[in-house]
Amino acid sequence: MAEPSPTPREKRSAADERSILVIGLGRFGSALAVTLETLDRTVLGVEKDPDLIQAWSGRLPLVEADATNPEALEQLGARDFGTVVVGVGTELEASVLITGNLVDIGTPQIWAKAVSAEHGRILRRIGAHHVVYPEYDAGQRVAHLVSGKMLDYIEMEDGFTIVKMRPPREIQGFTVGQSQVRKKYGVTIIGVKTPGHPFEYATDETRIDAEDLVIVSGDTTLLERFAARP
Numbered sequence: 001m002a003e004p005s006p007t008p009r010e011k012r013s014a015a016d017e018r019s020i021l022v023i024g025l026g027r028f029g030s031a032l033a034v035t036l037e038t039l040d041r042t043v044l045g046v047e048k049d050p051d052l053i054q055a056w057s058g059r060l061p062l063v064e065a066d067a068t069n070p071e072a073l074e075q076l077g078a079r080d081f082g083t084v085v086v087g088v089g090t091e092l093e094a095s096v097l098i099t100g101n102l103v104d105i106g107t108p109q110i111w112a113k114a115v116s117a118e119h120g121r122i123l124r125r126i127g128a129h130h131v132v133y134p135e136y137d138a139g140q141r142v143a144h145l146v147s148g149k150m151l152d153y154i155e156m157e158d159g160f161t162i163v164k165m166r167p168p169r170e171i172q173g174f175t176v177g178q179s180q181v182r183k184k185y186g187v188t189i190i191g192v193k194t195p196g197h198p199f200e201y202a203t204d205e206t207r208i209d210a211e212d213l214v215i216v217s218g219d220t221t222l223l224e225r226f227a228a229r230p
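Here full-length UniProt numbering is used: position 131 in the sequence shown is 131, and no number is missing along the way.
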């Protein structure tokens, strides 16, 4: 009895799984591609604008091609990439066509940029695995940062958030156990970073001083109230 033929995913090597195709080298796509390269991922940029090709030539591995054309994707070897990022956002038709082409060739992981909720719904319906909203996410994050003591802000899901912040005065000079932050404010101090010392996971005996940075987790609303403490 003949062995079943391997699927396209089974044929991919470990190197292919770490290879990422970035389509669209605008601000979002180019920043993403450069960062991926610093993380030692194999990256290939795809762009149809000659000016952007010239701007990034020699700085990134790239191909000049129109990814809305299925034949162009085939020619540049899109099937060989485990992950493809569609960084085209403002051109709705191009974004949808490219994403659809990637779905048709069986791309294992498709990340697509959206500029609106409606755009994102369309991308999901045609098969994008992950939809990101860079402008909205950045605006939301910065709003939280400028509104209080937060120095960094990561919202996970279902209202759960992790923040880096300066400690309110009322807990400075006390241990985590003494300050009773969890009981008073419903949030949890999960770590403390003292200048010149390594990060420390917090216990009840961990002392918090004015110059420290604290990592706190909890419900977004409760964290906002805690961060607003003087």
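Each residue gets a CB set at the ideal place from its N, CA and C atoms; glycine is no exception. These figures come from a predicted structure and were not determined experimentally.
*Skipping 5 residues on each side, what residues in its chain have a beta carbon closer than 8 Å to that of Thr42?*
As a first step, residue 42 must be located in the sequence shown, where it is residue number 42. Contacts found: Ala15, Arg18, Ser19 and Ile20.
*With distances taken between CB atoms, is the gap from Leu52 to Leu92 smaller than 7 Å?*
Position 52 of the sequence shown, counted from the first residue, corresponds to residue 52. Position 92 of the sequence shown, counted from the first residue, corresponds to residue 92. Taking 7 Å as the Cβ cut-off, Leu52 and Leu92 do not qualify as a contacting pair.
*At least three beta-carbon pairs within less than 8 Å, the segment 131–143 to the segment 167–181*: no
*Going by alpha carbons, who is nearest to Leu222 out of Glu71, Phe160, Glu64 and Arg125?*
For this step, residue 222 is matched to residue 222 along the sequence shown. Here the closest residue by C-alpha is Phe160.
*Identify whether Phe226 lies in helix, strand or coil by the three-state DSSP scheme.*
The residue given as residue 226 occupies position 226 in the sequence shown. Here Phe226 sits in helix by DSSP.
*List the whole-angstrom C-beta distance separating Gly82 from Gln109, where the pair is believed to meet the contact cut-off of C-beta under 8 Å.*
Within the sequence shown, residue 82 is the residue found at index 82, counting from 1. Within the sequence shown, residue 109 is the residue found at index 109, counting from 1. Their Cβ separation, rounded to whole angstroms, is 6 Å, which keeps Gly82 and Gln109 in contact under 8 Å.
*Please state whether DSSP places Gly218 in a helix, a strand or coil.*
Indexing the sequence shown from 1 puts residue 218 at position 218. If DSSP states are grouped into helix, strand and coil, Gly218 belongs with the strands.
*Mark Glu211 as exposed unless 16 or more other C-beta atoms lie within 10 angstroms of its C-beta, in which case mark it buried.*
If you number the sequence shown from 1, residue 211 lands on position 211. Exposed is the call here.
*How many angstroms separate the CA atom of Arg59 from the CA atom of Ser179?*
The sequence position of residue 59 within the sequence shown is 59, counting from 1. The sequence position of residue 179 within the sequence shown is 179, counting from 1. Their backbone Cα atoms lie some 51 Å apart in a straight line.
_Other residues of its chain near Thr194: CB distance less than 6 Å, five sequence neighbours each side excluded_ = Position 194 of the sequence shown, counted from the start, is the residue given in the question as residue 194. So the list reads Asp212, once near-sequence residues are dropped.
*Between Ile189 and Arg166, what straight-line distance do the alpha-carbon atoms span, to the nearest angstrom?*
For the purposes of this step, residue 189 is taken as residue 189 along the sequence shown, with counting starting at 1. For the purposes of this step, residue 166 is taken as residue 166 along the sequence shown, with counting starting at 1. Near 12 Å, if we compare the C-alpha coordinates of Arg166 and Ile189.
*Go to Tyr153, then tell me how far its beta strand (DSSP E) extends in each direction, as first and last residue.*
Position 153 of the sequence shown, counted from the first residue, corresponds to residue 153. It spans Met150 to Glu155 - the beta strand (DSSP E) in which Tyr153 sits, taken as one unbroken run.
_Identity of the residues DSSP links to Gly177 by a beta bridge_ = Taking the first residue of the sequence shown as position 1, residue 177 is located at position 177. Paired residue(s): none; Gly177 is not in a bridge.
*asked:* For a test of the three-state rule: what should DSSP assign to Val86, helix, strand or coil?
replied: Translated into positions along the sequence shown, residue 86 becomes position 86. Val86: strand per DSSP, three-state reduction.
*In the segment 55–108, which residue ranges form an unbroken beta strand (DSSP E) of at least 3 residues, counting only runs that do not cross its ends?*
The segment 55–108 contains these whole beta strand (DSSP E) runs: 62–64 and 83–86.
*Return the chain-ordered list of same chain residues with a C-beta closer than 6 Å to the C-beta of Val163, the five sequence neighbours on each side being excluded.*
As a working mapping, residue 163 is identified with position 163 in the sequence shown. Closer than 6 Å at the Cβ level, and outside the excluded window around Val163, lie Met150, Tyr153, Val216 and Leu223.
*Using only alpha-carbon positions, find the residue among Pro50, Gln54, Val46 and Gly127 that is nearest to Asn69.*
As a first step, residue 69 is located in the sequence shown; it is residue number 69 there, counting from the start. If we check each option's Cα against that of Asn69, Val46 comes out closest.
*Opposite Arg207 in the DSSP bridges: which residues?*
Translated into positions along the sequence shown, residue 207 becomes position 207. Bridge partners of Arg207: Thr175.
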